[in-house]
Structure formats: structure tokens, C-alpha cells
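A short worksheet on the structure shown next.
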Amino acid sequence: MNTWQGDLLGITDTGRTVDEVFEKIERASYALGFDFCAYGLRLPAPISNPRTIMLSNYPLEWQARYASAGYLAIDPTVVHGRQSQAPLVWTNAVFEATPNLWEESQAAGLRFGWAQSSLDAVGVGGMLSLARSYDVLSPKELALQEVKMRWLVNISHLALSRLFVSELVKESQPDLTLREVEVLKWTADGKSSNEIADLLSISENTVNFHIKNSVAKLRTANRTAAVVRAAMLGLLN
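Residue numbers (the numbering used here): 1228 to 1464.
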């Protein structure tokens, strides 16, 4: 077994911290021939302004410049990652519409790179970027390494999304009862309160009571928003 694979075997173990997981991702990236790596995670809530979390070992000056210039909103690799889960090799053509971003990125030593996004069942999206300052990514290298790179994307997303979603759930404190979850699941399937009452052999008033409690616990305005938020937090799985 390769060293990088062995080092990553425990990356999804429970009890790991974000720093521990990202340190292992850094090691794996270096073993694959990249000096730099970055992981961006886009949480599904709040819907009006989804929370984005960035982890990176990019040069600090570049991280600060990227944030202050608002490059996240126009970065073509991010735009691609939101639309497709196909791998993307950095090229001049990719950054044609954002020349300033590309020029400054290269000046910071981020000249050759590769990125791929991942999206899970609860709507959490992430993208892993691998970069270096030397040696173009050749077709031969991609043929040899891309399977490993894709594997790293998936395991990174699995480990980091679980940690951050767990923190989001703790922050939201949606301490739903089993009955409240059950009612929300039927609501998500389009059932009315009366239909849910028949399915669960309880009164319609009781169904509405559970929905009202769920709306309050999830800090939403109505039952539809409560279902959406609960689903995004993975509470209905």
C-alpha cells in the first residue's frame, strides 16, 4: 500500500478535528506532487446566503488578497465546481475572463493546478484544489495520478463535510424528537396534516403541534422552511 493511502486510512475516523483532517490532506497532496492545496466547503444554510468555509495552505498574502478582492465570487474554478463535478485543469483559457485573478495567482506561486468538486445528498458542496509553482500537468501525469486525486477529493469531502455539518447542527440546536422528525418526513413527501394524522394514527391537532415545535426549534418561518432546513442538516436521513 502506498504511503499516502495508508496515511489517509483514518481520515474519516470519528473524533478527528478539522486541523487533523486538513493536515492529512496536505500530506497526501504533497505526496501527489503538489505544494499547495485548498478546500472550500459551501454549506446549504442559510439559503439566502450560504455559508462558505475555506481551508488552505496557500501563501498568506494571496489568501488575504483573494478575500479582499472578492475573488471567490468570480473565480472560474469555483464557478465550474458549482456547475459540474468533472475535474478541471488550470489553463490560460480557464482564466481568460479573470486576467487579474490569474496574474496575481501565478505571482503568488500558484501557476499549475487541478480542481474537482463534490456534492453530497444533503446539499453540502465542496471543492479540492491542488496547485504548485512548477511543472505543467501533463496528460501522462494525469493518466497516472488522477484516480488518486479524485479519491482524495471524495474522502476529503466526506471527512470535512461531516465535521462542519456536525458543528452547524450543534449551533442550530434543532433537538427534534423522533415524532417531530417523522412528521417532517411525511410533510416533505407532500402529505397534509390530515393525511399525516391518518398515517400515524394521531389527531390533526397533534400533527400541527409537532410541526409548530419543529418550526420553532429550526428557527424557520413555516413548515416548508422547516422541512428544507431539516433536510439540509441531514436530520431527515
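Ideal placement from N, C-alpha and C gives every residue a C-beta, glycine not left out.
Taken in chain order, the unbroken stretches of alpha helix (DSSP H) that lie wholly in the region 1324-1392 and span 4 residues or more are 1326-1334. Pairing Trp-1378 with Glu-1409, the inter-Cα distance amounts to about 35 Å.
With a beta-carbon spacing of about 16 Å, Arg-1456 and His-1437 fall beyond the 8 Å limit used to define contacts. The residue among Ala-1358, Ile-1429 and Leu-1403 with its C-alpha nearest the C-alpha of Thr-1304 is Ala-1358.
According to DSSP, residue pairing for Leu-1282 in a beta bridge involves Tyr-1266.
Minimum Cα-Cα distance from Val-1316 among the listed residues Gly-1336, Leu-1369, Leu-1287 and Val-1374 corresponds to Leu-1369. Runs of the alpha helix (DSSP H) lying entirely within the region 1407-1464 and spanning at least 4 residues, in chain order: 1420-1427, 1431-1444 and 1450-1459. In the same chain as Trp-1289, and ignoring 5 residues on each side of it, the C-beta atoms closer than 6 Å to its own belong to Ala-1335, in chain order.
For Asp-1246, the enclosing alpha helix (DSSP H) covers residues 1245-1258.
No residue range can be given for Thr-1318, since it is assigned to no alpha helix (DSSP H) and is classified by DSSP as neither H nor E.
For Phe-1391, the closest of Lys-1418, Asn-1432, Ile-1280 and Asp-1262 by C-alpha to C-alpha distance is Ile-1280.
Here the alpha carbons of Ala-1313 and Leu-1268 stand approximately 17 Å from one another.
Looking from the CA of Tyr-1257, the closest CA among Tyr-1285, Arg-1278, Ser-1419 and Thr-1244 belongs to Tyr-1285. Straight-line measurement puts the Cα of Ser-1356 at about 12 Å from the Cα of Ser-1345. The C-alpha of Trp-1341 is placed about 14 Å away from the C-alpha of Leu-1371. Burial state of Val-1351 is buried, judged by a 10 Å Cβ sphere holding 16 or more other Cβ atoms.
Counting along the chain, the unbroken alpha helix (DSSP H) around Thr-1304 starts and ends at 1303-1310. If you check the CB distance, Asn-1421 and Glu-1431 come in under 8 Å. Per DSSP, the continuous alpha helix (DSSP H) segment holding Tyr-1293 begins and ends at 1287-1295. When only Cα atoms are considered, Lys-1444 and Leu-1426 end up about 24 Å apart. Spanning the alpha carbons of Gly-1308 and Gln-1343 requires a straight line of approximately 6 Å.
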